[in-house]
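Which chain is which? The protein sequence lines are A and B, in order.
Going by my numbering, the first sequence runs without a break in its numbering and finishes at 321.
Going by my numbering, the second sequence runs without a break in its numbering and finishes at 582.
See structure below.
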Amino acid sequence: MSDPVIAVRGLGKTFGATRALDGLELDVPEGAVCGLLGPNGAGKTTLVRILATLVRPDRGEARVCGHEVGREAAAVRRAIGLAGQYAAVEEGITGRENLELLGRLHHLGAVKARARAAELLAEFGLEEAADRLVRGYSGGMRRRLDLAASLLTRPRVLFLDEPTTGLDPRSRREIWSAVRELATQGSTVLLTTQYLDEADRLADRITVLDRGRAVADDTPQRLKAAIGTLVEVTLPEDADLERACAVLAVLTGGAPAVDAGQRRVGAVSDPARPLALPRLVRELDAAGVVALDVALRTPSLDDVFLALTGAGAAEKTEAAA
Amino acid sequence: MSAMTMPVDAAASARRILLVYRHSPGLLASSLLVPVAMVGVFGYVFGSAMNVPGGGYREFLMPGLFALVALNAVMPAMVGGARDAGRGVTDRLRSMSVSRFGLLTGQALADLLVAAVVLAPTALVGLAAGWRIRHGLGPALGAFGLLLLFRFACGWVGTALGLAVGKEDTAGQLAVLTIPFSMLTSAFVPTGGMPGWLAAIAEWNPVSAVVEAARQLFGNPSAPGSAWPAQHPVAAALGWCALLLALAVPLAVRNFARAGR
Ligand SMILES: Nc1ncnc2c1ncn2[C@@H]1O[C@H](COP(=O)(O)OP(=O)(O)OP(=O)(O)O)[C@@H](O)[C@H]1O
Ligand SMILES: [Mg+2]
Numbered sequence: 001m002s003d004p005v006i007a008v009r010g011l012g013k014t015f016g017a018t019r020a021l022d023g024l025e026l027d028v029p030e031g032a033v034c035g036l037l038g039p040n041g042a043g044k045t046t047l048v049r050i051l052a053t054l055v056r057p058d059r060g061e062a063r064v065c066g067h068e069v070g071r072e073a074a075a076v077r078r079a080i081g082l083a084g085q086y087a088a089v090e091e092g093i094t095g096r097e098n099l100e101l102l103g104r105l106h107h108l109g110a111v112k113a114r115a116r117a118a119e120l121l122a123e124f125g126l127e128e129a130a131d132r133l134v135r136g137y138s139g140g141m142r143r144r145l146d147l148a149a150s151l152l153t154r155p156r157v158l159f160l161d162e163p164t165t166g167l168d169p170r171s172r173r174e175i176w177s178a179v180r181e182l183a184t185q186g187s188t189v190l191l192t193t194q195y196l197d198e199a200d201r202l203a204d205r206i207t208v209l210d211r212g213r214a215v216a217d218d219t220p221q222r223l224k225a226a227i228g229t230l231v232e233v234t235l236p237e238d239a240d241l242e243r244a245c246a247v248l249a250v251l252t253g254g255a256p257a258v259d260a261g262q263r264r265v266g267a268v269s270d271p272a273r274p275l276a277l278p279r280l281v282r283e284l285d286a287a288g289v290v291a292l293d294v295a296l297r298t299p300s301l302d303d304v305f306l307a308l309t310g311a312g313a314a315e316k317t318e319a320a321a
Numbered sequence: 322m323s324a325m326t327m328p329v330d331a332a333a334s335a336r337r338i339l340l341v342y343r344h345s346p347g348l349l350a351s352s353l354l355v356p357v358a359m360v361g362v363f364g365y366v367f368g369s370a371m372n373v374p375g376g377g378y379r380e381f382l383m384p385g386l387f388a389l390v391a392l393n394a395v396m397p398a399m400v401g402g403a404r405d406a407g408r409g410v411t412d413r414l415r416s417m418s419v420s421r422f423g424l425l426t427g428q429a430l431a432d433l434l435v436a437a438v439v440l441a442p443t444a445l446v447g448l449a450a451g452w453r454i455r456h457g458l459g460p461a462l463g464a465f466g467l468l469l470l471f472r473f474a475c476g477w478v479g480t481a482l483g484l485a486v487g488k489e490d491t492a493g494q495l496a497v498l499t500i501p502f503s504m505l506t507s508a509f510v511p512t513g514g515m516p517g518w519l520a521a522i523a524e525w526n527p528v529s530a531v532v533e534a535a536r537q538l539f540g541n542p543s544a545p546g547s548a549w550p551a552q553h554p555v556a557a558a559l560g561w562c563a564l565l566l567a568l569a570v571p572l573a574v575r576n577f578a579r580a581g582r
């Protein structure tokens with residue numbers, strides 16, 4: 001296997017009293033699309049900014065295409081494209097001029113810069129607005145222009161910090177297809193997102209960050225499988241809630257959650273002990289529970305996210321300790 | 322690498338500033354309107370009550386207004402620098418393999434062109450109001466060169482401050498900081514009538530040095546004070562420009578490299 005294009009070892013960054021990154025480890029292989037998930041303040045933007053040579057880490061090491069981000073920043077910069085969390089565009093000139101100027105600053109030369117700008121404007125549905133001042137663009141249009149700018153050089157490594165926040169569904173799809181196309185051409189993409197469906201669709205691998213550390217790093221499928229199966233039983237009347245709870249507790253080995261209003265009991269089955277629907281139905285029947293609805297559901301990335309991050313995860317680690 | 326690309330980066334960066342002006346003619350119009358209006362307000366309204374030794378008040382005033390045009394580079398450069406830093410434009414540029422010095426130099430050079438476009442009509446209005454070039458073309462060109470050099474230095478100062486501030490709103494509010502520099506000078510009145518301590522401050526103000534130097538080179542009436550800069554205005558003005566550039570250029574490049582950290 002070739003060396004990872006992004007390699008992060010023991011990365012730490014502290015802002016005042018805040019530990020934005022706390023011993024982060026991460027490898028992203030060439031050509032992969034890596035989705036970076038995590039709650040607000042988890043350190044996603046900080047990681048992207050360190051990898052894009054904008055912020056110096058306090059501890060640890062980060063390499064992009066084999067170059068260390070601090071000492072060999074110039075080499076890193078030649079390999080990367082960046083679209084930060086907020087659209088970085090000059091408002092006083094047109095969209096086309098924005099791209100052409102950045103093309104020149106990427107040293108494409110005036111002719112190539114013009115051609116590439118026209119290509120990207122078309123690709124991102126900005127042709128009509130191309131010659132209007134960016135001041136009059138909507139938020140989504142600015143975002144698209146910003147993303148187009150990050151693709152000017154078809155970079156080997158692309159960093160996208162919440163690329164589709166605030167975009168309409170069609171624009172999101174355009175961004176997704178642009179990212180996927182870049183990846184098929186061999187570029188490596190690291191993208192942060194709050195949309196778990198986006199990560200699910202786009203990413204080959206997902207890293208979940210929480211409080212500056214990677215708490216999971218795997219394919220979306222395996223992450224979901226690792227959670228186990230979600231079991232949900234809905235009852236016609238309140239009387240059976242307790243008995244249903246007891247049955248689920250035994251079957252899943254966990255503590256079921258009761259939603260009294262909906263008369264619903266839910267639990268997560270232990271991934272090591274797969275639970276089959278017939279058995280669940282039999283056990284409920286044997287306990288005399290009449291169920292309105294019994295469902296087994298594969299977890300979504302939302303469930304993965306909730307299980308791995310935030311207060312729930314903290315309780316679990318404390319319980320384990 | 323970035324040393325080689327410096328001219329290209331500077332050109333692209335200059336182009337950006339000029340494009341902004343091209344798309345917003347109002348920007349240029351308003352920077353023109355200020356000095357022209359000042360010829361009217363100070364030259365005719367206040368000037369009617371002013372007496373300066375050795376010539377008319379309006380001839381005394383014009384070099385002062387030229388110097389204020391040069392000083393006016395600070396504000397847009399500061400707001401622009403803060404806006405770029407605050408909105409991530411600086412981040413994008415920092416993530417690219419470009420010459421930072423080239424980028425900032427390009428901006429400053431583009432601003433010189435803007436300044437020239439503002440100074441020329443201001444000078445014409447001045448001529449119409451009775452201002453004259455009395456020592457020939459050479460010294461006059463020297464005076465305009467000095468005014469542009471001061472504008473260049475002021476632009477760098479503004480950029481350095483703006484990048485350090487990093488917030489457009491705050492930078493806009495800091496604009497009041499330039500008021501003492503434009504008011505405590507010999508641009509409008511001779512320092513001779515000020516209390517001693519105030520005269521000293523005014524005479525050591527870099528703007529006054531530039532004003533007095535321009536008066537000397539154009540051959541316009543002046544009433545220099547007794548402080549060293551007032552006695553040696555050209556040397557003082559050049560010295561101030563050199564000092565400002567020596568401080569502001571490295572500071573601006575450093576602040577650019579650190580923006581958003
Ligand atoms: N320049 C800074 N100065 C001070 N604190 C900072 C700075 N940048 C980030 N932080 C802090 O570091 C932590 C991580 O921030 P970061 O922006 O990396 O989070 P994030 O995962 O991108 O969050 P979000 O999902 O909200 O974008 C936060 O607590 C934030 O307040
Ligand atoms: Mg963020």
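Positions of the beta carbon are idealized from the N, C-alpha and C atoms, including for glycine.
The C-beta of Gln-262 (chain A) has fewer than 16 other C-beta atoms within 10 Å across all chains shown, which makes the residue exposed. Judged by their CB atoms, Ala-530 (chain B) and Pro-545 (chain B) are not nearer to each other than the 8 Å cut-off. Not a single heavy atom of ligand 2 lies less than 7 Å from the C-beta of Asp-204 (chain A). Under the Cβ distance rule, Arg-78 (chain A) counts among the residues neighbouring chain B, one pair being separated by less than 8 Å. In the DSSP assignment, Cys-34 (chain A) falls within the unbroken beta strand (DSSP E) covering 33-37. Within the stretch 382-403 of chain B, contact with chain A at the beta-carbon level (separation under 7 Å) is assigned to no residue. Look at Val-341 (chain B) here: in three-state DSSP terms it is helix. DSSP, read as helix, strand or coil, puts Thr-252 (chain A) in helix. Between Val-510 (chain B) and Ala-551 (chain B), the alpha-carbon positions lie close to 14 Å from each other. DSSP lists A:Arg-19 as the beta-bridge partner residues of Thr-14 (chain A). With distances taken between CA atoms, Leu-182 (chain A) lies nearest to A:Ala-32 out of A:Ala-32, A:Ala-62, A:Gly-23 and A:Leu-21. Lys-44 (chain A) has its CB nearer than 7 Å to a heavy atom of ligand 2. Pairing Lys-13 (chain A) with Arg-154 (chain A), the inter-Cα distance amounts to about 29 Å.
In this structure, the CA atom of Gln-428 (chain B) is about 47 Å from the CA atom of Asp-302 (chain A).
Per DSSP, Val-289 (chain A) lies in no beta strand (DSSP E) segment and is marked neither H nor E.
In the DSSP assignment, Thr-480 (chain B) falls within the alpha helix (DSSP H) that extends over 458-486. For Ala-216 (chain A), the uninterrupted beta strand (DSSP E) run begins and ends at 213-218, by DSSP. When CB distances to chain A are screened at a threshold of 7 Å, not a single residue of the stretch 485-501 of chain B falls below it. Beyond the five residues adjoining it in sequence on each side, Gly-540 (chain B) comes within less than 6 Å, by CB distance, of Arg-455 and His-456 in the same chain, given in chain order. The straight-line gap separating the alpha-carbon atoms of Phe-159 (chain A) and Thr-188 (chain A) is approximately 9 Å. At least one heavy atom of ligand 2 lies closer than 7 Å to the C-beta of Asp-161 (chain A). Taking 8 Å as the upper bound for CB-CB distance, Pro-256 (chain A) and Val-265 (chain A) are in contact here, some 5 Å apart.
In the three-state DSSP reduction, Val-360 (chain B) falls in the helix class (H, G or I). Bridge pairing for Ala-7 (chain A): A:Asp-27 and A:Arg-63 [DSSP].
Here DSSP, grouped into helix, strand and coil, assigns Glu-242 (chain A) to helix. The beta carbon of Val-373 (chain B) sits closer than 7 Å to those of Phe-381, Pro-511, Pro-542 and Ala-544, all from its chain and outside the five residues before and after it, given in chain order.
Remark: three or more beta-carbon pairs, one from each stretch, lie closer than 8 Å, so the stretch 272-292 of chain A and the stretch 226-238 of chain A are flagged as touching. Listed along chain B, the residues sitting closer than 7 Å to Ala-52 (chain A) by beta-carbon distance are Ser-416.
Contact note: Gly-136 (chain A) does not reach chain B at a C-beta cutoff of 9 Å; the least C-beta distance is about 11 Å. Residues of the stretch 96-107 of chain A with a C-beta atom less than 7 Å from some C-beta of chain B are Glu-97, Leu-101, Arg-104, Leu-105, His-106 and His-107, listed in chain order. For Val-268 (chain A), the enclosing beta strand (DSSP E) starts and ends at 264-268. Annotation for Met-141 (chain A): Leu-126 and Ala-129 place their beta carbon closer than 7 Å to its own, counting only its chain and skipping 5 residues before and after. Where Gly-140 (chain A) is concerned, the enclosing alpha helix (DSSP H) starts and stops at 139-150. In this structure, the C-beta of Ala-20 (chain A) approaches ligand 1 to less than 7 Å from one of its heavy atoms.
Under the three-state reduction of DSSP output, Gly-451 (chain B) falls in the coil class, being neither helix nor strand.
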